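Here's the structure we're looking at; comments come further down.
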Amino acid sequence: MGVLSVVRRPFRYTFSNATLVIIVVNILVYVLLRFSPLTGYEGYFALSVRGFLGYRMVWQPVTYMFVHANMQHLFFNMLGLLFFGISVEKALGSREYVLMYVVCGVLCGVVSVAVYFFSGAYGVMLVGASGAIYAMLLAYAVIFPRSRIFIWGILPVPAPVMVIVYTIIELSSQLFTFSPVAHLTHLAGFAFAWLYFRVRMGIYPLRVWKDAYR
C-alpha cells in the first residue's frame, strides 16, 4: 500500500457537533485565563519563540488556538467558526473536520513562530483560532463554491471571490502595514487548507471553482 493511499484513507462519516465543542472549549479557556486564579498564565499557552523554542513548551502550537486576547477577539473568531465550521463539518464529517482544523491550525502556528524566530521577534505571542478559521473559510468555498456570503448582511459575494479578496487584503496588510493582527497566520490558514485538499483529498480547489462558474 502506497503512502498516498494511506494519507487519503477516508474516515467513516460521523457528525457529532465538533464545531460547537470547539467553541465551548474556546469560551471556557477564555474564562479560566481571564477570571480565575490562572490569570497571567497566557504566556504558557500562547505561542512564542521564547516559550516554544526557549522553554520547550511543545504544547503551544496547539494551545495557542484556544487563547484569545480579549472578548472581541473571541467573539468574532467564534462567530466565523460558527458560520463556516458547521457547514464544513456536516459536509466532511466530524473526524475529517477536526483533523483539518487541528492540522491547519498547528501548521499556521509553526510557520508563524518560524517567521518570528528569523525576524528576531522572540517575545511576540501568537494567540487565537483565526489561522484555523481561515482554513475553514477556504474549505467552505471549495465545498460550496456557488454559495454567496453576504457582507454586512447586504452585499452578496461568491465564496471563492471572498477568499481571493481576503487573500489580497491580508497580503497587502502583511506587506504594507504594521499591525498586531497576525496577517501571515491568516494567509497560512488559506495555504494549508489548500494543501490539505490537494494532499489528503486529491481535490484541486482552483479546478472546483473553475468548474462551478463555467
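Just add 222 to the spot in the sequence shown (first one is 1) and you have our numbering. We put the beta carbon where it would ideally sit given N, CA and C, even for glycine. Nothing here was measured: the structure is a model prediction, and the numbers come from that model.
Asked, Found
"Can you give me the start and stop residues for the alpha helix (DSSP H) that residue 429 sits inside?", "427 to 434"
"Would you tell me roughly how many angstroms separate the C-alpha atoms of residue 238 and residue 307, rounded to the nearest one?", "13 Å"
"Compute the distance between the beta-carbons of residue 372 and residue 378, then report whether it is under 7 Å.", "yes"
"Would the beta-carbon of residue 219 fall within 7 Å of that of residue 224?", "Shown here, the chain extends from 223 to 436; a query on residue 219 therefore has no answer."
"Thinking residue 270 and residue 347 are a contact (beta carbons under 8 Å), I'd like their distance in whole angstroms, please.", "5 Å"
"What does DSSP give as the partner residues of residue 348 in its beta bridges?", "269"
"Exposed or buried, which one is residue 241 when buried takes at least 16 other CB atoms within 10 Å?", "buried"
"Three-state secondary structure (DSSP) at residue 251?", "helix"
"Among the residues of its own chain, which have a CB less than 7 Å from the CB of residue 313, if the five just before and after it don't count?", "365"
"Report buried or exposed for residue 294, applying the criterion of at least 16 other Cβ atoms within 10 angstroms of its Cβ.", "exposed"
"Taking one C-beta from the segment 350 to 360 and one from the segment 275 to 282 each time, how about it: are there three or more such pairs within less than 8 Å?", "no"
"Beta carbon of residue 388, beta carbon of residue 272: below 7 Å?", "no"
"Cβ of residue 386 versus every heavy atom of the ligand GDP: is any distance shorter than 6 Å?", "The ligand GDP is not part of the structure shown, which contains no ligands of any sort."
"On the DSSP letters alone, give me the boundaries of the alpha helix (DSSP H) that residue 321 sits inside.", "316 to 341"
"Under 7 Å between the Cβ atoms of residue 252 and residue 304?", "no"
"Nearest to residue 257 by CA position, among 420, 292 and 229, is which residue?", "292"
"Measure the C-alpha to C-alpha separation of residue 264 and residue 255 and round it to an integer number of angstroms.", "7 Å"
"Which residues bound the beta strand (DSSP E) around residue 275?", "Element bounds for residue 275: n/a, residue is neither H nor E."
"Chain C beta carbons: is any one of them nearer than 7 Å to that of residue 252?", "Absent from the structure: chain C. Only one protein chain is present."
"If we ignore side chains and look at the alpha-carbon of each, how far apart do residue 317 and residue 310 end up?", "11 Å"
"With 16 other CB atoms within 10 Å as the buried threshold, where does residue 431 fall?", "buried"
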